[in-house]
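Residue numbers (numbering that gives the first Met the number 0), protein chains in the order written: chain A, 0 to 298; chain U, 0 to 298. See structure below.
2 protein chains.
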Amino acid sequence: MIGGMEIYQLRTFVTVAQQGHLTQAAELLHLSQPAVTAQIKALEEEFGMPLFERYPGGVQLTEAGKLLLPDAENILALGRNLLHKAKSLQGEPRGKVRIGTIGVAARLKIGPWLALLRQRHPLITVETTHGVSVSVLNEVRKKTIDAGFYLGRNPYQNVNTLPLSEVGFCVALPPQMAVELANADWKVLGKAPWLGVSQFSSLADITQELWRSQNIAPLKVGEFDEEATLLELIKAGVGVAVLAERTARRYAADGSIVLWRGGELATRAPLQFIYSAERENDPVIGMLKASLRQVWDLP
Amino acid sequence: MIGGMEIYQLRTFVTVAQQGHLTQAAELLHLSQPAVTAQIKALEEEFGMPLFERYPGGVQLTEAGKLLLPDAENILALGRNLLHKAKSLQGEPRGKVRIGTIGVAARLKIGPWLALLRQRHPLITVETTHGVSVSVLNEVRKKTIDAGFYLGRNPYQNVNTLPLSEVGFCVALPPQMAVELANADWKVLGKAPWLGVSQFSSLADITQELWRSQNIAPLKVGEFDEEATLLELIKAGVGVAVLAERTARRYAADGSIVLWRGGELATRAPLQFIYSAERENDPVIGMLKASLRQVWDLP
DNA sequence: TTCTCCGCATCAGAATTTGCAATTAGCCTT
DNA sequence: AAGGCTAATTGCAAATTCTGATGCGGAGAA
Chain A
0 MIGGMEIYQL RTFVTVAQQG HLTQAAELLH LSQPAVTAQI KALEEEFGMP LFERYPGGVQ
60 LTEAGKLLLP DAENILALGR NLLHKAKSLQ GEPRGKVRIG TIGVAARLKI GPWLALLRQR
120 HPLITVETTH GVSVSVLNEV RKKTIDAGFY LGRNPYQNVN TLPLSEVGFC VALPPQMAVE
180 LANADWKVLG KAPWLGVSQF SSLADITQEL WRSQNIAPLK VGEFDEEATL LELIKAGVGV
240 AVLAERTARR YAADGSIVLW RGGELATRAP LQFIYSAERE NDPVIGMLKA SLRQVWDLP
Chain U
0 MIGGMEIYQL RTFVTVAQQG HLTQAAELLH LSQPAVTAQI KALEEEFGMP LFERYPGGVQ
60 LTEAGKLLLP DAENILALGR NLLHKAKSLQ GEPRGKVRIG TIGVAARLKI GPWLALLRQR
120 HPLITVETTH GVSVSVLNEV RKKTIDAGFY LGRNPYQNVN TLPLSEVGFC VALPPQMAVE
180 LANADWKVLG KAPWLGVSQF SSLADITQEL WRSQNIAPLK VGEFDEEATL LELIKAGVGV
240 AVLAERTARR YAADGSIVLW RGGELATRAP LQFIYSAERE NDPVIGMLKA SLRQVWDLP
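Okay, here's the thing in C-alpha cells:
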C-alpha cells in the first residue's frame, strides 16, 4: 500500500496535464485508461491533494497541480538526460591505460593530453609511472605498461613510435672554463673534464652517441642522473655536460653557466611516443595516438 | 522485461555507491540482498554497461558509474524536493475568491496585495470584478462575491468592515470661477453650478452627504459617473465638483483646475474592505484580512 | 424532454514484477 | 583445508500493475 512516487507515475502526470484527457494520455502512453486513472490517483494520494479537477469532457490541473507540474517535468528531463548520457557512454572504449613518463612532465604536454583524453574518452583511466627512457622502453616491451615516452632514436624493432618533437642539446660550460672553451672545437672540448651521466638517465644515450660521433672520449668526473645535479656541478666548475636546450638557455641567461659556441646545438634527439608493435591496430593505442597528435599539432 | 528506469532503482544505485556493499545497502533500504542485486542488475542492463566492479569484500563504482552517479543523485534530490513541496502545500487553504474592486486599482494597492496573497497562499486563486461601492456592497450581501472594497461609512449591518485608509475630498473649481469662489464659504459655494454625480459612482454618496451636512442644495448640471469626465467638465468651466484629494492636487498643480480654499478637505470617507458578517470566522476571510493588514501597514 | 456520446471511476481477474529465503559460488584469511 | 565474507542464483510467495467490462454523470443533439 505504501509505494513511493515513481518515474512512470510522473510521466503519466505530465502527459495527462498536457493532454487534458486521461483517455488520450493513456493512448499516448500505450496504457489503458484505468491504468492512468490509478496512477494519477496514487500520485494524488502520495501528495495528499488532488492534481486535477474532473470535468465532463476532460480534466484540468488544480492550482496545486500547476505548482507541482514543473518539478515533475524537471525530473523527467533529468531522467531522459541520464539515459541519454548512458547511451552515449555505451560505445566508449573503457579500461585502464598505463603510461610511462620521463623527464619533465611539462615537456611531455602531459596535462593537456590527459585533459583531452579524459574529455573525449571519459571511461578511460590513465595511470602513469615515471622513469627514464630506457626503463620505459623495457616496460613497453615487457608490456607491464601500455605505452610511454622515449627520448632518442629508433628504440627497438618490435616497438612502434610516434615522433612528437625534436629536443636540442647544448654543451654547457662552467663560467671558469668559458674563456678557453667557449669557441673551442670538439678536439679541445674532448680534453676537458666531462660530467658523466648515469645510464638510467635520458641523457646517457644522447651523451654517449655524441661522444662517439665526434670521436672523443673525455675524462668522466663521476656519474649523475638528475639534470638538476648536473646543473649545480657545472655552476661549481666541476666539468662540462650536455643539457637540454631549453634548460641550458634558461640558466645561461643569468650567467651562472655558459653555452659552448653561444648555444649551438651539439645534437638533437626526437621525443617519441612508443608502444608495442603488436598493438599497432589496438583501438586504445589508436585513441592515445589520435589525442597526442591533436595536442602536439601533428598531421 | 523492458522496464524503464525507476526512482527506487536509482535510490538503490546511490545507496550502494556510497556504502560500497550490496549487503549494507540492502539493510539501509530495508531490502534483502538479492533484491538489491536484481535492481542494480536491471539498471546495468538499462544503461548497457556495468555500474560496479564486484570484488570479494564489496563493490566499487566503475568509471561509467562515477559519471552517472551525480545525475542519479540529482534526480533523487529533485524527487525529495517535489514531495517536500507537496507536503508543504497540504495544509494550505485552497479555493477561488471573488473580490469586488472600485475606483482606481492602484489606490487599492491591489497589485502588492495579490502578490503577497499569491506568495503566502499559492493555492488560492483570485477573481476580481470591477464596479462601484454600491454594487460591490450588494454583491457581498448577495454573496455572489466573497469580499470587496467600499468607499464610504457604515455600509450595512450584516456586512463587516476592515478600514484601510481615509480618502480626503476637495472641492474643485474651474479657473474661471476661482476669483469669486476660491475662498467663499459654503453658502456662496452652494449657489454655484455643481456637476451631478451618477448614483453608481463612489462619489455620489460622498457628494450627497456633503451637501446635506453643509445644508446646501446646489443646482445640478447633468449627472456623470467617471472621475475623468468630471475633470474635463471642471476644466471647461461647466461647474464645480468634489474630487478625491490625490486626483485634485495632481491637476491643480498645473493650474488646469483650482482647489477651493487651497485644497482644504471638504470631507473624508474611509476606504474599507467589506465582507459578509456571517463569514467573520471563515479562515479564507481571515487570510484576506491578514494580508491586507500587512500591505496597508495596519495593526 | 429523451437519447446518445464522451470521459472518468470502479471492479475483478490476469499478467507482470518485485521481494524474500535458502543456497551456491568465489575469494581471502587463518 | 576450514571458516568467514560477499555477491549471484533459484524457486516461490506477495504485491503491484494492467486490462476489459461495466457503471455513472454531464453535455449536446434530436
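For each residue, glycine too, the CB sits at the ideal point set by N, CA and C.
Between residue i and residue j, which are expected to be in contact by the criterion C-beta below 8 Å, what is the C-beta distance as a whole number of angstroms?
i                      : j                      : result
residue 78 of chain A  : residue 6 of chain A   : 6 Å
residue 133 of chain A : residue 243 of chain A : The Cβ separation is near 17 Å, so there is no contact.
residue 35 of chain A  : residue 28 of chain A  : 7 Å
residue 96 of chain U  : residue 145 of chain U : 5 Å
residue 290 of chain U : residue 116 of chain U : 5 Å
Drop a sphere of 10 angstroms on the beta-carbon of residue i, count the other beta-carbons inside from all chains shown, and report buried for 16 or more, exposed for fewer.
i                      : result
residue 114 of chain U : exposed
residue 54 of chain A  : exposed
residue 204 of chain A : buried
residue 326 of chain A : This structure leaves residue 326 of chain A out entirely; chain A is present only between 0 and 298.
residue 8 of chain U   : buried
residue 62 of chain A  : buried
residue 103 of chain A : exposed
residue 157 of chain A : exposed
residue 298 of chain A : exposed
residue 253 of chain U : exposed
residue 246 of chain U : buried
residue 267 of chain U : exposed
residue 304 of chain U : Residue 304 of chain U falls outside the range modelled here, since chain U spans only 0 to 298, and no answer is possible.
residue 174 of chain A : exposed
residue 2 of chain U   : exposed
residue 236 of chain A : exposed
residue 187 of chain A : exposed
residue 120 of chain A : buried
residue 143 of chain U : exposed
residue 31 of chain U  : exposed
residue 56 of chain A  : exposed
residue 214 of chain A : exposed
residue 25 of chain U  : buried
residue 195 of chain A : buried
Comparing alpha-carbon positions, which option in the options lies nearest residue i?
i                      : options                    : result
residue 223 of chain A : A:232, A:282, A:217, A:183 : A:232
residue 238 of chain A : A:218, A:147, A:61, A:253  : A:218
residue 150 of chain U : U:200, U:189, U:138        : U:200
residue 325 of chain U : U:227, U:46, U:216, U:206  : Residue 325 of chain U cannot be examined here, being either before or after the span of chain U that is shown, 0 to 298.
residue 177 of chain U : U:213, U:262, U:158, U:146 : U:262
residue 183 of chain U : U:227, U:162, U:207, U:258 : U:258
residue 286 of chain A : A:41, A:23, A:92, A:105    : A:92
residue 16 of chain A  : A:60, A:148, A:107, A:103  : A:60
residue 292 of chain A : A:282, A:272, A:280        : A:272
residue 39 of chain U  : U:74, U:27, U:21, U:29     : U:21
residue 87 of chain U  : A:66, A:75, A:109          : A:66
residue 230 of chain U : U:251, U:212, U:210, U:214 : U:251
residue 294 of chain U : U:85, U:164, U:266, U:172  : U:164
residue 47 of chain A  : U:283, U:117, U:89         : U:89
residue 155 of chain U : U:279, U:106, U:274        : U:274
residue 265 of chain A : A:98, A:282, A:241         : A:241
residue 299 of chain U : U:117, U:76, U:147         : Chain U is shown from 0 up to 298; residue 299 of chain U falls before or after that span and cannot be answered.
residue 168 of chain U : U:198, U:135, U:208        : U:208
residue 69 of chain A  : A:10, A:123, A:31, A:130   : A:10
residue 278 of chain U : U:122, U:180, U:288        : U:288
residue 211 of chain A : A:94, A:276, A:129, A:189  : A:189
residue 75 of chain U  : A:227, A:37, A:276, A:4    : A:4
residue 284 of chain A : A:296, A:80, A:98          : A:98
residue 45 of chain A  : U:85, U:124, U:127, U:23   : U:85
residue 51 of chain U  : U:280, U:14, U:260, U:116  : U:14
residue 105 of chain A : A:129, A:19, A:94, A:82    : A:129
Query - Every unbroken beta strand (DSSP E) inside the stretch 74-153 of chain U [3 residues or more] - result: 94-101, 123-130, 146-150
Query raised in the report: Going along the chain, which residues of the stretch 24-46 of chain U sit with their C-beta nearer than 8 Å to a C-beta in chain A?
Result: 45, 46
Requested in this report: Could you list the residues in the stretch 47-71 of chain U with a C-beta less than 7 Å from some C-beta on chain A, going in chain order?
Outcome: 47, 48, 62, 63, 66, 67, 70, 71: these are the residues of the stretch 47-71 of chain U whose beta carbon lies less than 7 Å from some beta carbon of chain A, given in chain order.
Query - Near-chain U residues of the stretch 0-17 of chain A - C-beta to any C-beta below 7 Å - result: 3, 4, 5, 6, 7
Report task. Could I get the ranges of all uninterrupted alpha helix (DSSP H) runs contained in the stretch 162-239 of chain U, with 4 residues as the minimum, in chain order? Result -> The qualifying runs are 177-180, 185-188, 201-213, 226-234.
Query - Residues of the stretch 108-142 of chain A whose Cβ lies closer than 7 Å to any Cβ of chain U, in chain order - result: 121, 122, 124
Query - Within the stretch 0-32 of chain A, ranges of the alpha helix (DSSP H) (whole runs, at least 4 residues) - result: 6-18, 21-27
Report task. Determine which residues of the stretch 70-87 of chain A have a Cβ less than 9 Å from any Cβ of chain U, and write them out in chain order. Result -> 70, 71, 73, 74, 77, 78, 80, 81, 82, 84, 85, 86
**Report entry** Whole runs of the beta strand (DSSP E) within the stretch 245-292 of chain A, excluding any shorter than 3 residues
**Finding:** Residue ranges of uninterrupted beta strand (DSSP E) with 3 or more members, entirely inside the stretch 245-292 of chain A and ordered along the chain, are 266-275.
Query raised in the report: Listed in chain order, which residues of the stretch 201-214 of chain A have Cβ atoms closer than 7 Å to some Cβ of chain U?
Result: none
Query raised in the report: Given a limit of 7 Å on CB to CB distance, which residues of the stretch 87-103 of chain U reach chain A?
Result: Answer set for the stretch 87-103 of chain U: 88, 89, 93.
Query raised in the report: Fully enclosed by the stretch 48-77 of chain A, which beta strand (DSSP E) runs are 3 residues long or longer?
Result: 51-54, 57-60
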